[in-house]
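J.:
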Amino acid sequence: GQQLNQSPQSMFIQEGEDVSMNCTSSSIFNTWLWYKQDPGEGPVLLIALYKAGELTSNGRLTAQFGITRKDSFLNISASIPSDVGIYFCAGQGEETSGSRLTFGEGTQLTVNP
Amino acid sequence: DAGVIQSPRHEVTEMGQEVTLRCKPISGHDYLFWYRQTMMRGLELLIYFNNNVPIDDSGMPEDRFSAKMPNASFSTLKIQPSEPRDSAVYFCASSLSSYNEQFFGPGTRLTVL
Numbered sequence: 001g002q003q004l005n006q007s008p009q010s011m012f013i014q015e016g017e018d019v020s021m022n023c024t025s026s027s028i029f030n031t032w033l034w035y036k037q038d039p040g041e042g043p044v045l046l047i048a049l050y051k052a053g054e055l056t057s058n059g060r061l062t063a064q065f066g067i068t069r070k071d072s073f074l075n076i077s078a079s080i081p082s083d084v085g086i087y088f089c090a091g092q093g094e095e096t097s098g099s100r101l102t103f104g105e106g107t108q109l110t111v112n113p
Numbered sequence: 001d002a003g004v005i006q007s008p009r010h011e012v013t014e015m016g017q018e019v020t021l022r023c024k025p026i027s028g029h030d031y032l033f034w035y036r037q038t039m040m041r042g043l044e045l046l047i048y049f050n051n052n053v054p055i056d057d058s059g060m061p062e063d064r065f066s067a068k069m070p071n072a073s074f075s076t077l078k079i080q081p082s083e084p085r086d087s088a089v090y091f092c093a094s095s096l097s098s099y100n101e102q103f104f105g106p107g108t109r110l111t112v113l
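Residue numbers (my numbering), protein chains in the order written: chain A, 1 to 113; chain B, 1 to 113.
1. Of all the CB atoms in chain B, is at least one closer than 8 Å to the CB of P43 of chain A?
2. Which residues, in order along the region 20 to 37 of chain B, keep a beta-carbon less than 8 Å from a beta-carbon of chain A?
3. Counting only Cβ pairs nearer than 7 Å, list the residues of chain C close to F103 of chain A.
4. Just to make sure I have the definition right: I need the residues of chain B whose C-beta is within less than 7 Å of the C-beta of G91 of chain A. Which are they?
5. Pull up the CB-CB distance for L33 of chain A and A48 of chain A, whole angstroms please, since I reckon it's below 8 Å.
6. Round the Cβ separation of F65 of chain B and L46 of chain B to the nearest angstrom and send it over; I've been treating them as touching at under 8 Å.
7. So, is H10 of chain B buried or exposed, given that buried needs 16 or more other C-beta atoms within 10 angstroms?
8. Residues of chain A with CB under 9 Å from P106 of chain B, in chain order?
9. Less than 8 Å between CB atoms is the rule here; does D57 of chain B satisfy it with respect to chain A?
10. So which residues on chain B does A48 of chain A lean against when the C-beta distance must stay under 8 Å?
11. Strictly below 8 Å CB to CB, what residues from chain A border F91 of chain B?
12. 8 Å is my cut-off, CB to CB: does R100 of chain A come that close to chain B?
13. Can you confirm whether G106 of chain A, when its beta carbon is compared against all beta carbons of chain B, has any partner nearer than 8 Å?
14. Should T31 of chain A be flagged as near chain B, meaning a C-beta pair shorter than 8 Å?
15. Are the CB atoms of V84 of chain A and T110 of chain A nearer to each other than 8 Å?
16. Check the DSSP bridge columns for P61 of chain B and list the partner residues they point to.
17. To the nearest angstrom, report how far apart Q14 of chain A and N75 of chain A are at their CA atoms.
18. How many Å lie between S87 of chain B and L43 of chain B at the Cα?
19. Near Q64 of chain A, what residues of its chain come up, given a Cβ to Cβ distance below 6 Å and the 5 sequence neighbours on each side ignored?
20. Exposed or buried, what is Q44 of chain A when buried is set at 16 or more other beta-carbons lying within 10 Å of its beta-carbon?
21. On the criterion of 16 or more Cβ atoms from any shown chain inside 10 Å, does N71 of chain B qualify as buried, or is it exposed?
22. Name the DSSP beta bridge partners of S97 of chain B, please?
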């Protein structure tokens, strides 16, 4: 089956620092999605990417859809305490079955004030 | 819109009991997904529906699990009989079409004693 490798698994940073995390896949995707999950809540969509090479920003967040269609990264600039949570990448398309999303293992982000 | 609604938010039951989880998707969304999240296995897709019809149930772990969608605004996931290893957070998500972003509900935390 498909595999998504997300790294790093966890990050501990100081408030104000920039953060970068990425996902790589063994398969090609048509869509990359980045979600954030707060404790006790469901994942919330941050950014959706639909085209290879696409670079999209949402406030302090920037994500890119890799040219090879097998990878994506998410950057967070000037982190703040409320950025704490688990960040998931998810891919869809090509070899996936219809609407099935494949999720990465998540990156646990801790921001120290 | 209120977003995806799930109930109950928490369920504690004893092994062997029947458990029913409920979901109301976002109005107008044609796709509904049931996921399970555990520390060991991350987010796993159990089953998804398109226009109330089950499309892919390959993620349903065993015959003890069943899901229905009697109409466009309601779905259930039933476990009968429940076992301790079913303890997890179960999420429902919905999307407008097959290649649109999935929006997640807050989840049901299930504990089977």
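Built from N, CA and C at the ideal position, the CB exists for glycine as well.
T.: From the atom records:
1. For the purposes of this step, residue 43 of chain A is identified with residue 43 of the first sequence, where counting begins at 1. So, interface residue.
2. Y31 and F33
3. Among the chains of the structure shown, chain C does not appear; the protein chains present are A and B.
4. Counted from its first residue, the first sequence places residue 91 of chain A at position 91. Near G91 of chain A there are no residues of chain B at all, since even the closest Cβ is about 12 Å away, more than 7 Å.
5. Residue numbering aside, residue 33 of chain A sits at position 33 when the first sequence is read from its first letter. Residue numbering aside, residue 48 of chain A sits at position 48 when the first sequence is read from its first letter. Rounded, the Cβ-Cβ distance is 5 Å, consistent with contact.
6. Here residue 65 of chain B corresponds to residue number 65 of the second sequence, with the count starting at 1. Here residue 46 of chain B corresponds to residue number 46 of the second sequence, with the count starting at 1. The Cβ separation is near 7 Å, so the contact holds.
7. Sequence index remark: in the second sequence, residue 10 of chain B carries index 10 (1-based). Under this definition H10 of chain B is an exposed residue.
8. The count along the second sequence starts at 1 and reaches residue 106 of chain B at position 106. Within 9 Å Cβ-Cβ: G40, E41 and G42.
9. Numbered from 1 along the second sequence, position 57 holds the residue referred to as residue 57 of chain B. Not one chain A Cβ lies under 8 Å of D57 of chain B.
10. Walking along the first sequence from the start, residue 48 of chain A turns up at place 48. Counting only Cβ-Cβ distances below 8 Å, A48 of chain A has contacts in chain B at E101, in chain order.
11. The residue labelled residue 91 of chain B in the question sits at position 91 within the second sequence. Near F91 of chain B (Cβ distances below 8 Å), the residues of chain A are G42 and P43.
12. Taking the first sequence and counting its residues from 1, one reaches residue 100 of chain A at position 100. True, the Cβ-Cβ gap to chain B drops below 8 Å.
13. As a first step, residue 106 of chain A must be located in the first sequence, where it is residue number 106. Output row for G106 of chain A: interface = yes.
14. Within the first sequence, the letter at position 31 stands for residue 31 of chain A. A Cβ of chain B is located within less than 8 Å of the beta carbon of T31 of chain A.
15. Along the first sequence, one-based indexing puts residue 84 of chain A at 84. Along the first sequence, one-based indexing puts residue 110 of chain A at 110. Yes, they are a contact pair.
16. Taking the first residue of the second sequence as position 1, residue 61 of chain B is located at position 61. Bridge partners of P61 of chain B: none, in fact.
17. Along the first sequence, read from residue 1 onward, the residue named residue 14 of chain A stands at position 14. Along the first sequence, read from residue 1 onward, the residue named residue 75 of chain A stands at position 75. Q14 of chain A and N75 of chain A: Cα-Cα distance of roughly 15 Å.
18. Within the second sequence, numbered from 1, the residue matching residue 87 of chain B stands at position 87. Within the second sequence, numbered from 1, the residue matching residue 43 of chain B stands at position 43. Here the alpha carbons of L43 of chain B and S87 of chain B stand approximately 13 Å from one another.
19. Numbered from its first residue, the first sequence carries residue 64 of chain A at position 64. Excluding residues within five positions, the ones whose Cβ falls inside 6 Å are L55 and F73.
20. Here residue 44 of chain A corresponds to residue number 44 of the first sequence, with the count starting at 1. What sits at residue 44 of chain A in the sequence shown is Val, not Gln. Flag for V44 of chain A reads exposed.
21. Against the second sequence, residue 71 of chain B aligns to sequence position 71. By the 10 Å Cβ count, N71 of chain B comes out exposed.
22. For the purposes of this step, residue 97 of chain B is taken as residue 97 along the second sequence, with counting starting at 1. For S97 of chain B, which the question treats as bridged, DSSP gives no partner whatsoever.
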